[in-house]
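Going by numbering that gives the first Met the number 0, the sequence shown opens with residue 0, and the numbers climb by one from there. Contents: one structure, followed by commentary.
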Amino acid sequence: MPPGRGILVPGCHTGKRVWQSPHGSHKNARVSLADYPLLARCLGANDRAGALAALSRVAGDPALVDTIRRHHLISLLWTTIAEDDLRARLPPEAFATLHDWLRRPRSSPEQNLHTFAEVQAAFRRDGVDCMLLKGAYFAHRLYGDLNRRAQYDVDLVVRRSDFRKASRTLRVLGYVERWRDLHSVTWKRDAAHIDLHSCFRNVPVYHLDEERIWRDGIPYAIAGVSFRTPSDEDALVLLALSLFQDVGLGSAKLKQLVDANLLAASIDEGFDWPRFFGRRRPEGTLAIAVNVLDLVLRVFDAASSLTRLASALAPYREMLVVSEREHALALLFAERGAVANKAWFFQVYPGSIARYWLWLLPRKLPLYLRGKAPNRGASSMRPNLETVRMLLGAQRVTSRDNSAR
0 MPPGRGILVP GCHTGKRVWQ SPHGSHKNAR VSLADYPLLA RCLGANDRAG ALAALSRVAG
60 DPALVDTIRR HHLISLLWTT IAEDDLRARL PPEAFATLHD WLRRPRSSPE QNLHTFAEVQ
120 AAFRRDGVDC MLLKGAYFAH RLYGDLNRRA QYDVDLVVRR SDFRKASRTL RVLGYVERWR
180 DLHSVTWKRD AAHIDLHSCF RNVPVYHLDE ERIWRDGIPY AIAGVSFRTP SDEDALVLLA
240 LSLFQDVGLG SAKLKQLVDA NLLAASIDEG FDWPRFFGRR RPEGTLAIAV NVLDLVLRVF
300 DAASSLTRLA SALAPYREML VVSEREHALA LLFAERGAVA NKAWFFQVYP GSIARYWLWL
360 LPRKLPLYLR GKAPNRGASS MRPNLETVRM LLGAQRVTSR DNSAR
């Protein structure tokens, strides 16, 4: 086993990681998986005192660096807690590794905003409308500063009918296609990365109303750059669909859950949550929105602070696949491709599993063969006997529970 890797004991819902040293001996210290969401939540809220206390609880975790890096919390950590305090609380090697990561050359949030402004202007000249997704908008509105939320690319969405025209515009600007997914294409020019979307997600059972999404888009401006972005309702749907896929892959990040938690907290008091969930049923995303937003509440133990969201979720209790916080944490911290995560995905997925696989295979396989699939490893959604067995077992338990009711 590689040094510093934790083992979450199968079948044990203690929420603890037992750490094994490279020499085979066990350390006495145990780190609760719940400590990392607490840290992430405090960082997202810019709660320095709370973040310091939470950091002290995980500072001795041998997997600290891997966990902070995997969950995209480094920028939040450095912009919330003073560097001297971080140096005093983190082990020297962990501090040096995280600090070195920050100093790697990459596009700054200000450069990403400039990139977006350039691309948006070119699109407008060519008659293409676009909306900015997450990124600078979330950083500015939810986190209070462009530098607090990690941004690795610029996410844009255009209408499906404009996707090819937008792609031609990017080529004229000097961008080269790097990766291609079912719903987006990643373009690169030097250090700039554009993730161009034709839709939020492309799956057979989703029937999102594109015209309504564009009609409901809202205006926003940052540092003199004006743009449109999806409404709060549609931003939540986008986050839910993205998290649904990533939790299923075993690649979800705490940063994504912090986004969803902050957005929900910013609107909870006046938002029409029953209407929100009611509008998800005809578009085929109700089960996903319910399970993902409930997962966010469980991971952050936030039901008592997001009371109106929690109340709106109550009528959909029977749709929930996860009913315990320990299970939610296990899904979030699972290794990529974990069987339990794939089983969760297919239990939540609101359509036929066989049809999903039959639909996915001819679309994914050519991307891998052409070397255009995102460089994130093989798809964890591919058919797998162990996944099917776990899924069937989970369905039998659900059927038994329903019969007992």
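Ideal placement from N, C-alpha and C gives every residue a C-beta, glycine not left out. These figures come from a predicted structure and were not determined experimentally.
* If you drop the 5 nearest sequence neighbours on each side, which residues of the same chain put their C-beta closer than 8 Å to that of R103? -> Excluding sequence neighbours, R103 sits near nothing in its chain.
* **Rounded distance between the beta-carbons of R88 and A120, thought under 8 Å** => Not a contact, Cβ separation roughly 45 Å.
* Asked: If you draw a straight line from the alpha carbon of S166 to that of F332, how long is it in whole angstroms?
  -> Cα to Cα, S166 sits roughly 36 Å from F332.
* C-alpha gap between W186 and Y174, whole angstroms -> W186 and Y174: Cα-Cα distance of roughly 6 Å.
* When the Cα atoms are used, what is the spatial distance from L240 to Y355? -> 15 Å
* Determine, using beta carbons only, whether A263 and L195 come nearer to each other than 7 Å. => no
* Minimum Cβ-Cβ distance from P349 to chain D less than 7 Å -> This model lacks chain D altogether, as it is built from one protein chain only.
* Run through DSSP, which three-state label would F94 get? -> Correct three-state label for F94: helix.
* Starting from the C-beta of L328, find all residues in its chain whose C-beta is less than 7 Å away, skip the five residues before and the five after it, and write them out in chain order. => G14, L32, A33 and V298
* Asked: In its own chain, which residues sit with a C-beta less than 6 Å from the C-beta of S197, not counting the 5 before and 5 after it?
  -> R159 and F162
* Tell me, please, whether the stretch 141-160 touches the stretch 65-75 by the rule of three or more beta-carbon pairs shorter than 8 Å. => Yes: the two stretches touch, three or more of their Cβ pairs being nearer than 8 Å.
* By a C-beta neighbour count over all protein chains shown, 10 Å radius and 16 as the cutoff for buried, is S183 buried or exposed? -> buried
* Whose C-alpha, out of L319, A48, H206 and I217, is nearest the C-alpha of T284? -> H206
* Asked: Using the beta-carbon count (16 or more within 10 Å), is R214 buried or exposed?
  -> Result: exposed.
* Asked: Thinking just about the alpha-carbon of each residue, which of I80, A353, A251 and T114 is nearest to the one in E334?
  -> A251
* Asked: Out of L242, W178, G350 and A190, which has the shortest C-alpha to C-alpha gap to L256?
  -> L242
* Any idea if A337 is buried or exposed, counting beta-carbon neighbours within 10 angstroms, 16 or more meaning buried? -> buried
* Residues of its chain near A377, where Cβ-Cβ distance is below 7 Å and the 5 sequence neighbours each way are ignored -> Bear in mind that the predicted position of A377 carries a pLDDT of just 44, short of 50, making it unreliable; the figure below should be weighed with that in mind. The answer is none, since no qualifying residue turns up.
* Starting from the Cα of L42, find the closest Cα among M130, E117, A138 and H113 and give me that residue. => With distances taken between Cα atoms, L42 lies closest to A138.
* To do: Please look up how many angstroms separate the CB atoms of V320 and N290, rounded, as I've assumed it's under 8 Å.
  => With 8 Å as the limit, V320 and N290 qualify as a contact, their Cβ atoms being about 6 Å apart.
* **Burial state of Y142, where buried means 16 or more other Cβ atoms lie within 10 Å** => buried
* When burial is assigned at 16 or more other CB atoms within 10 Å of the CB, is R86 buried or exposed? -> exposed
* To do: Assign K187 to one of three DSSP states: helix, strand, or coil.
  => In this structure, K187 counts as strand in the three-state DSSP scheme.
* **Stretch pair the stretch 100-117 + the stretch 221-233: three plus CB contacts closer than 8 Å** => Judged by Cβ distances under 8 Å, the stretch 100-117 makes contact with the stretch 221-233, as three or more pairs qualify.
* **Cβ-based neighbour list, V127, same chain, cut-off 6 Å, excluding 5 preceding and 5 following** => V157, D161, K164 and A165
* Beta-carbon proximity check, N45 vs T96, cutoff 7 Å -> no
* Asked: DSSP beta-bridge partners for G218?
  -> Position check: residue 218 holds Pro in this sequence, whereas Gly was assumed. For P218, the beta-bridge partners assigned by DSSP are R227.
* **Backbone secondary structure at R362 - three-state DSSP** => helix
* **Per-residue burial, R123 [other beta carbons within 10 Å of its own, 16 or more giving buried]** => exposed
* Helix, strand or coil: which one does DSSP assign to R105? -> coil
* Under a Cβ-count criterion, where at least 16 other Cβ atoms within 10 Å of its own Cβ denotes burial, should G247 be classed as buried or exposed? -> With 16 or more other Cβ atoms from the protein chains shown falling within 10 Å of its own Cβ, G247 counts as buried.
* To do: Go ahead and label D154 buried or exposed: buried means 16 or more other beta carbons lie within 10 angstroms of its beta carbon, across all protein chains shown.
  => buried
* To do: Output the distance between the C-alpha atoms of L38 and L51, rounded to the nearest integer angstrom.
  => 8 Å
* To do: Please classify C129: does DSSP put it in a helix, a strand, or coil?
  => strand
* Write down every uninterrupted run of the alpha helix (DSSP H) in the stretch 308-363 whose length is 4 residues or greater and which is fully enclosed by it, in chain order. => Taking only runs of at least 4 residues, the alpha helix (DSSP H) segments lying wholly in the stretch 308-363 are 324-331 and 338-347.
* Helix or strand or just coil, what does DSSP make of V298? -> DSSP, reduced to helix, strand and coil, places V298 within a helical segment of the structure shown.
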